[in-house]
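Here's the structure we're looking at; comments come further down.
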Amino acid sequence: MSTFHVRSGREPKGDVFSVSKTWLSVKLCFIILLIQAVTFPAAAAQNITGLQLHIREQDVVMDNGILQVTLSKPAGMVTGIQYNGVDNLLEILNEDSNRGYWDLVWDAPEIKRKKGEFDRMETTNFTVIVETENQIELSFTRMWDPSLEGKVVPLNIDKRFVMLRNSSGFYTYGIYEHLKDWPAFNLTNTRIGFKLRKDKFHYMAMSDNRQRYMPLPDDRTAERGQPLAYPEAVLLVNPVEPEFKGEVDDKYQYSIENKDNRVHGWISTVTDPPMGFWQITPSEEFKSGGPLKQCLTSHVGPITLAVKISLKLDLGCHKGDRESTSIVIFHSTHYSGADLILQFGPNEPWKKVFGPVFIHLNSLVNGDDPLKRLWEDAKQQMEVEVQSWPYDFPASKDFLPLDQRGSVSGRLLVHDRYISDEDLPGNGTLVGLAAPGDVGSWQFECKGYQFWTKADEKGCFSITGIRPGTYNLFAYVPGLIGDYRYEAEVTISPGSDKDVGILVYEPPRSGPTLWEIGIPDRTAAEFFVPDPNPKYINKLYLNHTDRFRQYGLWERYADLYPHNDMVYTVGVSDYRKDFFFAQVTRKTDNNTYQGSTWQIKFKLDIVDKNYTYKLRIALATAHVSDLQVRINDLRPSNPHFSTGPIGNDNTIARHGIHGLYRLYNVDVPGVQLVEGNNTIFLTRTLSTSPFQGIMYDYIRLEGPLSSKSNNLGFSSK
3 MSTFHVRSGR EPKGDVFSVS KTWLSVKLCF IILLIQAVTF PAAAAQNITG LQLHIREQDV
63 VMDNGILQVT LSKPAGMVTG IQYNGVDNLL EILNEDSNRG YWDLVWDAPE IKRKKGEFDR
123 METTNFTVIV ETENQIELSF TRMWDPSLEG KVVPLNIDKR FVMLRNSSGF YTYGIYEHLK
183 DWPAFNLTNT RIGFKLRKDK FHYMAMSDNR QRYMPLPDDR TAERGQPLAY PEAVLLVNPV
243 EPEFKGEVDD KYQYSIENKD NRVHGWISTV TDPPMGFWQI TPSEEFKSGG PLKQCLTSHV
303 GPITLAVKIS LKLDLGCHKG DRESTSIVIF HSTHYSGADL ILQFGPNEPW KKVFGPVFIH
363 LNSLVNGDDP LKRLWEDAKQ QMEVEVQSWP YDFPASKDFL PLDQRGSVSG RLLVHDRYIS
423 DEDLPGNGTL VGLAAPGDVG SWQFECKGYQ FWTKADEKGC FSITGIRPGT YNLFAYVPGL
483 IGDYRYEAEV TISPGSDKDV GILVYEPPRS GPTLWEIGIP DRTAAEFFVP DPNPKYINKL
543 YLNHTDRFRQ YGLWERYADL YPHNDMVYTV GVSDYRKDFF FAQVTRKTDN NTYQGSTWQI
603 KFKLDIVDKN YTYKLRIALA TAHVSDLQVR INDLRPSNPH FSTGPIGNDN TIARHGIHGL
663 YRLYNVDVPG VQLVEGNNTI FLTRTLSTSP FQGIMYDYIR LEGPLSSKSN NLGFSSK
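Heads up: the sequence shown begins at 3 in the numbering used here, then just goes up one per residue.
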């Protein structure tokens, strides 16, 4: 028999056992309790001691009999986590301020710095908020005043830590406040980080198919690793464990979208018994950029702080020792750039609650396959936390429980007369509420809260637990271009239950599809992703659906197209094999970079010279690029269409497959097309770095009803 040494993060409500008055039932319960005391030693201790709070001169300890959490006082740093016989799960070789912490990166408009100011958010006041037999809640605060202007970020900061009875873990959340008369500032990054002991935690897991034994932090040192194109990427040339030799380690290979970033962490198989350390995010309502925004997760420790190189290529590194790192990012500019910098004016009041998130610990007392079973238990605990959201225990009035929130429901249909005469259900549509703004503005929204769900096969949706406020209702339908926004604002009040009825999305469309390339899913994943250079591999992504996460794929374009650029022929080429996933720069012999011009060739049997055709170009990401479109003639110095300089997503360097979504609708006068063979030239200019480029999501040409094409409706699959 195998047993998990775990406890739910939420205290069970009601009786655990229903005991009859018969002797047999009493005896049975006694046996059960005895077994529990043997196989759950920490739980047995908890039944004796309950919750305890120890306040000492330099620190404070929360203890529920299952684990002990030590925090520095009044700085509010997590300096120790004692669990299951291990005196500290955090890296004991680090300074107290570099074990478990909140941090942020900020700057002020009037202060000229080469990089943002890193703030470990050491607080100055400590308060016990709740101390009962069921809950301890601690507050660590730092209050701002004008004498600190230019030196400290103009925010009041309140870091909270919560421990519950019978909980195999603890919670933390933060409250940031900027008052009306305070100075302007920009916030580029804020997160929670934990540095785990490198002698114990070696296995990382973030999803069912993205988990592995990781190299040691020591392997990234100059003696054992070779830095590659940027500091985060290191080739392991002499690792401590030879099995990692020849691999690339890069924290950006372990990024994930907000909607999927629910649980990740580390497993120790060298402890007896094996144990796991997990960060569980039960909701993304407090995260920036909506459900598709990508953030870092668990990885081997970083190197430097906010390294910036040419073209504003902010790689967003962070200062710290090298160790097993587990983080929850609330806000960042990763995969988006300056478009997601939180910018506050001098007279802009703001307050936001980040979290709570749950730090879950588990261990396997006995049984086989500890890696799988600890991960499965972490996922089960994640489901418990998600179902419990919004929590009812946080003591701050700024965190609203369910009875102070509202809900909205409805049904979304899709009407595209060139697909069907009838309205079709928006099956799988992502529907959400975010701050009022333009169509698609949710992917740039940082200051407020967002609430998202997925519609069912009938297009029906329901969003619960919405904080009171005024929102726009947005939607994105997989398989269709563009964004939906409900024309009326939605106002949520405590206890309200809004029914917006049946909504109909009409995606951009002016005529039938003459041809299309790709799948409109906001990523470039369907296009051709080459094999990596065998010198620079991550074994996890060999034969993996996320093969685009391999290092150095931008260099493979020049290998495949050393002299001439890509030519794609509609009706002949297959986008899965013949359309390179990123239009990048090509390095020349003199170490400079040049742009590229791709060609899309197609035939039209009939052209209506009086009709304006429509070219839809959906981009999955862009980084310091200008996309120019020319029709049937590459010579004109002035392109038919130009995006102008766009993007600071930096997706290519960060091994992503999408960043910010952009849709361009290009008018193509019929007089520029010919009956027979046509060519669209896609030129990407601005080329001084290997990481500049764009990724296409989807390209489509629409024509008049009378058009005939050898490729009518052809998707080039």
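Using N, Cα and C, we set each Cβ at its ideal position, and we do this for glycine too.
Just so it is clear, the structure is predicted and the values come from calculations on it, not from any experiment.
Thinking C-beta only, is E325 closer than 9 Å to E97?
no
Assess, as a yes-or-no matter, whether the segment 653-665 is touched by the segment 633-643 under the definition of 3 or more beta carbon pairs within less than 8 Å.
Segment contact: the segment 633-643 against the segment 653-665, fewer than three CB-CB distances shorter than 8 Å; contact not assigned.
What are the boundary residues of the beta strand (DSSP E) that includes K161?
Counting along the chain, the unbroken beta strand (DSSP E) around K161 starts and ends at N158 to L166.
Select from Y393, L342 and E225 the residue whose C-alpha is nearest the C-alpha of P284.
Y393
Which residues DSSP lists as bridging M64, in chain order
Partner(s): L55 and V71.
At what residues does the alpha helix (DSSP H) containing E387 begin and finish?
Element bounds for E387: P372 to Q389.
Three or more C-beta pairs closer than 8 Å, one from the segment 334-342 and one from the segment 285-298: is that the case here?
yes
Going by Cα to Cα distance, which pick from Y488, L707, R162 and L636 is closest to R511?
L707
How about N667 and R618: are their beta carbons less than 9 Å apart?
yes
Counterpart residues of N679 in DSSP-defined beta bridges:
DSSP, once it has assigned bridges, lists K605 as partnering N679.
Helix, strand or coil, according to DSSP, for V673 in the structure here?
helix
What is the DSSP secondary structure of K456, reduced to helix, strand or coil?
strand
What is the C-beta distance between Y570 and I519, in whole angstroms, given that I count them as a contact (C-beta under 8 Å)?
7 Å
If you count every other CB in all the chains shown that lies within 10 Å of the CB of Q445, and 16 or more means buried, which is it?
buried
In chain order, what residues of the same chain have a beta carbon less than 8 Å from the beta carbon of F673, not counting five sequence neighbours either side?
At residue 673 the sequence reads Val, which differs from the Phe that was named. Around V673: K611.
Let's test the definition: count the other Cβ atoms within 10 Å of the Cβ of P111 and tell me whether it reaches 16, buried, or not, exposed.
exposed
Of the residues N86, E59 and Y85, the one placed nearest A77, counting alpha carbons only
E59
DSSP state of S270, grouped into three classes?
strand
Three-pair Cβ contact test at 8 Å for the segment 176-189 versus the segment 151-163:
yes
H301 bridges to which residues according to DSSP?
T327
Is Y543 near Q255, with beta carbons less than 9 Å apart?
yes
Counting pairs of beta carbons, one from the segment 555-568 and one from the segment 582-590, are three or more of them closer than 8 Å?
yes
With L562 as the anchor, note down where its alpha helix (DSSP H) starts and where it stops.
R558 to L562
Answer yes or no: do F133 and L69 have a C-beta to C-beta separation smaller than 9 Å?
Here the sequence assigns Glu to residue 133, which means Phe is not the residue at that position. Result no, Cβ atoms of E133 and L69 do not sit closer than 9 Å.
Can at least three beta-carbon pairs, one atom from the segment 235-251 and one from the segment 213-221, be found at a separation below 8 Å?
yes
Range covered by the alpha helix (DSSP H) that runs through D440:
Looking at the DSSP string, D440 is not in any alpha helix (DSSP H), and its letter there is neither H nor E.
3-residue-minimum beta strand (DSSP E) runs that sit fully inside the segment 75-140, ordered along the chain
You should have 80-85, 102-109, 119-121 and 127-133.
Determine which residues share a DSSP beta bridge with Q255 and list them.
DSSP output for Q255 lists no bridge partner at all.
Chain-order list of residues whose beta-carbon lies under 8 Å from that of P108 (same chain, five-residue window excluded):
In the sequence as displayed, the identity of residue 108 is Trp instead of Pro. For W108, where only same-chain residues beyond five positions count, the Cβ hits under 8 Å are G118, E119, D121, V155, F187, N188, L189 and T190.
Could you give the DSSP three-state label for S149: helix, strand or coil?
helix
How many Å lie between M697 and D576 at the Cα?
17 Å
For the alpha helix (DSSP H) holding Y577, just list the boundary residues, first then last.
Y577 to D580
N- and C-terminal bounds of the beta strand (DSSP E) containing T431
That residue, T431, is in no beta strand (DSSP E); it is neither H nor E in DSSP.
Less than 9 Å separating the beta-carbons of V410 and V502?
yes
contact_flag[the segment 275-284, the segment 229-238] where n(CB pairs < 8 Å) is 3 or more
no
In three-state DSSP terms, what is E245?
helix
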